[in-house]
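Novice: These protein sequences, in sequence, are chains A and B.
Everything in the first sequence is counted per our numbering, starting at 20 for the first residue and increasing by one.
Everything in the second sequence is counted per our numbering, starting at 20 for the first residue and increasing by one.
The C-beta atom is built at its ideal place from N, Cα and C for all residues, glycine as well.
Keep in mind that this is a model prediction, so the values were computed, not measured.
The structure's right below; bear with me while I get my questions together.
There are 2 protein chains.
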Amino acid sequence: MRDFSPDHRWLSLNTATVRRQGDLAQIVEACARHGIRAIDPWRDQVAAIGLDRAVRIVRDAGLELSGYCRGGMFTSDAAHRSEVRDDNRRAVDEAKALGAPCVVLVVGGLPQFSRPGSAPSKDIAAARAQVDDAIADMLDYASQANMPLAIEPLHPAYAADRACVNTTGQALDICDRLDPQRSGLLGVALDVYHIWWDPELMPQIARAGKDRLLAFHVCDWLVPTEDILNDRGMMGDGVIDIRSIRAAVEAQDFAGFCEIEIFSNAWWDRPMDDVLRTCIERHRTVV
Amino acid sequence: MRDFSPDHRWLSLNTATVRRQGDLAQIVEACARHGIRAIDPWRDQVAAIGLDRAVRIVRDAGLELSGYCRGGMFTSDAAHRSEVRDDNRRAVDEAKALGAPCVVLVVGGLPQFSRPGSAPSKDIAAARAQVDDAIADMLDYASQANMPLAIEPLHPAYAADRACVNTTGQALDICDRLDPQRSGLLGVALDVYHIWWDPELMPQIARAGKDRLLAFHVCDWLVPTEDILNDRGMMGDGVIDIRSIRAAVEAQDFAGFCEIEIFSNAWWDRPMDDVLRTCIERHRTVV
Numbered sequence: 020m021r022d023f024s025p026d027h028r029w030l031s032l033n034t035a036t037v038r039r040q041g042d043l044a045q046i047v048e049a050c051a052r053h054g055i056r057a058i059d060p061w062r063d064q065v066a067a068i069g070l071d072r073a074v075r076i077v078r079d080a081g082l083e084l085s086g087y088c089r090g091g092m093f094t095s096d097a098a099h100r101s102e103v104r105d106d107n108r109r110a111v112d113e114a115k116a117l118g119a120p121c122v123v124l125v126v127g128g129l130p131q132f133s134r135p136g137s138a139p140s141k142d143i144a145a146a147r148a149q150v151d152d153a154i155a156d157m158l159d160y161a162s163q164a165n166m167p168l169a170i171e172p173l174h175p176a177y178a179a180d181r182a183c184v185n186t187t188g189q190a191l192d193i194c195d196r197l198d199p200q201r202s203g204l205l206g207v208a209l210d211v212y213h214i215w216w217d218p219e220l221m222p223q224i225a226r227a228g229k230d231r232l233l234a235f236h237v238c239d240w241l242v243p244t245e246d247i248l249n250d251r252g253m254m255g256d257g258v259i260d261i262r263s264i265r266a267a268v269e270a271q272d273f274a275g276f277c278e279i280e281i282f283s284n285a286w287w288d289r290p291m292d293d294v295l296r297t298c299i300e301r302h303r304t305v306v
Numbered sequence: 020m021r022d023f024s025p026d027h028r029w030l031s032l033n034t035a036t037v038r039r040q041g042d043l044a045q046i047v048e049a050c051a052r053h054g055i056r057a058i059d060p061w062r063d064q065v066a067a068i069g070l071d072r073a074v075r076i077v078r079d080a081g082l083e084l085s086g087y088c089r090g091g092m093f094t095s096d097a098a099h100r101s102e103v104r105d106d107n108r109r110a111v112d113e114a115k116a117l118g119a120p121c122v123v124l125v126v127g128g129l130p131q132f133s134r135p136g137s138a139p140s141k142d143i144a145a146a147r148a149q150v151d152d153a154i155a156d157m158l159d160y161a162s163q164a165n166m167p168l169a170i171e172p173l174h175p176a177y178a179a180d181r182a183c184v185n186t187t188g189q190a191l192d193i194c195d196r197l198d199p200q201r202s203g204l205l206g207v208a209l210d211v212y213h214i215w216w217d218p219e220l221m222p223q224i225a226r227a228g229k230d231r232l233l234a235f236h237v238c239d240w241l242v243p244t245e246d247i248l249n250d251r252g253m254m255g256d257g258v259i260d261i262r263s264i265r266a267a268v269e270a271q272d273f274a275g276f277c278e279i280e281i282f283s284n285a286w287w288d289r290p291m292d293d294v295l296r297t298c299i300e301r302h303r304t305v306v
């Protein structure tokens, strides 16, 4: 297991962590100030400053990417099917332009939440079948661009409105169905927030193996959690045994960035430099 | 599958649903007014009016019980171990006095939340091992009283603070380890709120079978969920395909009460009779 205590060379910042404090250009500048080597930007943040400018500032800052957030939201009614496909193809194109190592997929929950305007449904099994089909389609396109897709299982609390893929095992089942040859083009993005509770977690991380472990995200689960989406904790402030999970991932030879992604009203209210300083300190001491 | 549309003979009221509107005596009177035949009372509500009086009013009203809420909170540090054991033995005794068909078990999450004052831990695997041991111990005691224990898997959102048994499969694994002979004394209490998201749900219900299906609870999952504990929905107001889950349970010959348990600040603010009228109407139309 890598020793993170001497420095933060393996820290990547998911730019949603400070999305209220500045635009992508300001975040990139702050990363330079703090010696952060990598980011995972969100599509809306890229769009806000323009893809060309985003490509340029990332390159000029010498930043690596640990992913691109996000593709997915595959579930919809028939009327929104082509929107889903086109949107996800653009995500692949943007990731390619930015030099991202993968597109992170949040697959969508029930269609009325995933693609607003879609006819409402309570059929989560149908949603899951649709996700399989849509990832198969996106994988064809992404393979031509040689752009890996990382399915992110989301906590079951988001099953209705964000992702009906809710366990690592379920995400790996999709990978095995669509990419049995383990090409490296389909895998998982594991975020401790979503997976820490899973009694099957450790065997599933071993099942994933290096080929399927495309991204690793950290934050913490707070007790109490005041807001189901935007009250995630800074590493060390909650109940997740983060180091044990990182150890399991690294036992599979995962050697990529450890990406900090915190959706938090509390941390969004703090100055960007304070947040980054705290991220770096916790990365070295508790991750 | 039973037809619930003509009447509400299979409706049981979990008394937490109206716990802020009155004490157990008032709830029992309201059930009589509304022709509700069964309840599942909580220990604090029984204690508030006294066990003897609770036994008497339940008997005098001719009410059946569909369960007794709740035993569990098994996880603790060593200093709280005897408190856990004694507390759970009392739960069995009370359930026996009340004529309950089972004690519902909410097993506890990490020890500092399950038994406040316990030394803090982030080791959920250790918590789970402790739950196994404690249920084995309680099962010895409950078997002598011929009182079945119903393990309730709780939604993963409660893994830290309420229950580290989070899937039906995990609960059934415990049952199979501790009661391989399927004696009828150990099984599960399935609440649609906790289990609806689970991709393994349908095969696990079939695995449970009639012997292990000791209780069935309904409410609904709202989007958005404003409060992680107390914003559960009235059946029909959320996204759960309740009838499909009931069909799966009844396909295993489950023929017991369908218990309504709603923790909701919104419904606790409504008059008791309004809530019960709505429960009955939704039981007949959407459950």
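1. Give a yes or no on whether 8 Å exceeds the smallest Cβ distance from Trp286/A to chain E.
2. Which class does Ser263/A belong to by DSSP, given the choice of helix, strand or coil?
3. State yes or no: is the C-beta of Asp148/B within less than 8 Å of the C-beta of Ile170/B?
4. Quick one: which chain A residues come within Cβ less than 8 Å of Asp180/B?
5. Let's see if you can read the secondary structure: which residues bound the alpha helix (DSSP H) around Ala145/A?
6. Would you mind listing the alpha helix (DSSP H) stretches within the stretch 98 to 124 of chain B that are 4+ residues and don't spill past its ends, in chain order?
7. According to the Cβ coordinates, are Gly118/B and Pro167/B closer than 8 Å?
8. What in chain A is Cβ-close to Asp142/B, meaning under 9 Å?
9. State yes or no: is the beta carbon of Gln223/A nearer than 8 Å to at least one beta carbon in chain B?
10. Buried or exposed: which applies to Gln223/A, given that a residue is buried once 16 or more other Cβ atoms fall within 10 Å of its Cβ?
11. Which same chain residues end up closer than 8 Å to Val47/B when comparing Cβ atoms and leaving out the 5 residues on each side of it in sequence?
12. Within 10 angstroms of the Cβ of Asn284/B, are there 16 or more other Cβ atoms? Answer buried if so, exposed if not.
13. Got a sec, what are the start and stop residues for the beta strand (DSSP E) Ile58/A sits in?
14. With a CB to CB cut of under 6 Å and the five nearest residues on each side skipped, what residues in its chain are close to Ala267/A?
15. Where does Ala73/A land, buried or exposed, given buried means 16+ other C-beta within 10 angstroms?
16. Who are the Cβ neighbours of Met253/B in its own chain at under 8 Å, not counting the five residues just before and after it?
17. Find the residues of chain B that neighbour Phe132/A, judging by a C-beta separation of less than 9 Å, and give them in chain order.
18. Please find out if some non-hydrogen atom of the ligand HEM comes closer than 7 Å to the beta-carbon of Ser283/A.
19. Using a Cβ-Cβ cut-off of less than 7 Å, give me the residues of the stretch 198 to 226 of chain A that come near chain B, in sequence order.
20. In terms of alpha-carbon separation, which member of Ala51/A, Thr187/A, Ile193/A lies closest to Asp217/A?
21. In chain order, what residues of the same chain have a beta carbon less than 6 Å from the beta carbon of His236/B, not counting five sequence neighbours either side?
22. For Ala208/A, name the three-state secondary structure that DSSP assigns.
23. Can you tell me whether Gln45/B is buried or exposed? The criterion is at least 16 other CB atoms within 10 Å of its CB, across all chains shown.
24. Can you give me the Cβ contacts of Val305/B inside the same chain, cut-off strictly under 6 Å, excluding the 5 residues immediately before and after it?
25. Any beta-carbon of chain A closer than 8 Å to the one on Gln189/B?
26. How long is the line joining the alpha carbons of Leu233/A and Thr34/B, rounded to whole angstroms?
27. What are the start and end residues of the beta strand (DSSP E) that includes Gly91/A?
28. Does the CB of Ala145/B have a neighbour CB from chain A at under 8 Å?
29. DSSP puts Leu168/A in a beta bridge; with which residues?
30. Examine chain B for any beta-carbon lying closer than 8 Å to the beta-carbon of His53/A, and answer yes or no.
31. Going along chain A, which residues have a C-beta under 8 Å from Ala176/B?
32. Exposed or buried, what is Asp71/A when buried is set at 16 or more other beta-carbons lying within 10 Å of its beta-carbon?
33. Measuring CB to CB, does Ala161/B end up less than 8 Å from Leu204/B?
34. Return yes when the Cβ of Ser85/B is within less than 8 Å of the Cβ of Ser31/B, no when it is not.
35. Among all the DSSP beta bridges, which residues are the ones paired with Asn33/A?
Specialist: From the atom records:
1. The structure shown contains no chain E; its protein chains are A and B.
2. In the structure shown, Ser263/A sits in a helix (DSSP, three-state: H, G or I).
3. Per the sequence shown, residue 148/B should be read as Ala rather than Asp. Contact flag unset, no.
4. By Cβ distance, chain A contributes Val242, Pro243.
5. Where Ala145/A is concerned, the enclosing alpha helix (DSSP H) stretches over 143 to 163.
6. Runs found: 100 to 117.
7. 8 Å or more divides the Cβ of Gly118/B from the Cβ of Pro167/B.
8. Going along chain A in sequence order, the residues near Asp142/B (Cβ under 9 Å) are Asp260, Ser263.
9. Output row for Gln223/A: interface = no.
10. Buried, by the Cβ-count rule.
11. Only Ile58, Ile76, Val77, Ala80, Leu82 meet the Cβ criterion.
12. With fewer than 16 Cβ atoms within 10 Å of its Cβ, Asn284/B is classed as exposed.
13. According to the DSSP assignment, Ile58/A belongs to the beta strand (DSSP E) that extends over 57 to 59.
14. Around Ala267/A: Met221, Ile224.
15. Buried, since its Cβ has 16 or more Cβ neighbours within 10 Å.
16. Contacts found: Cys238, Asp239, Ile281, Ser283, Trp286, Thr297, Cys298, Arg301.
17. Ordered by position in chain B, the residues that pass the 9 Å Cβ test against Phe132/A are Val242, Val258.
18. Of the ligands one can find in the structure shown there are none, so the ligand HEM has no counterpart to examine.
19. Result list: Trp216, Pro218.
20. Answer by Cα proximity: Thr187/A.
21. Excluding positions up to five away in sequence, the list reads Asp210, Glu278, Glu280.
22. Of the three classes helix, strand and coil, the one that applies to Ala208/A here is strand, per DSSP.
23. Gln45/B should be labelled exposed.
24. Only Met254, Gly255 meet the Cβ criterion.
25. Taking Cβ atoms only, chain A reaches closer than 8 Å to Gln189/B, which makes this a yes.
26. The C-alpha of Thr34/B is placed about 48 Å away from the C-alpha of Leu233/A.
27. Looking at the DSSP string, the run of the beta strand (DSSP E) that includes Gly91/A is 87 to 91.
28. Not one chain A Cβ lies under 8 Å of Ala145/B.
29. Residue pairing by DSSP places Leu168/A opposite Val122/A, Leu205/A in a beta bridge.
30. It does not; no Cβ of chain B falls within 8 Å.
31. Residues of chain A passing the Cβ test: His174, Pro175, Ala176, Thr244, Ile247.
32. Result: exposed.
33. Taking 8 Å as the Cβ cut-off, Ala161/B and Leu204/B qualify as a contacting pair.
34. Cβ atoms of Ser31/B and Ser85/B: closer than 8 Å.
35. Its beta-bridge partners are Asp59/A.
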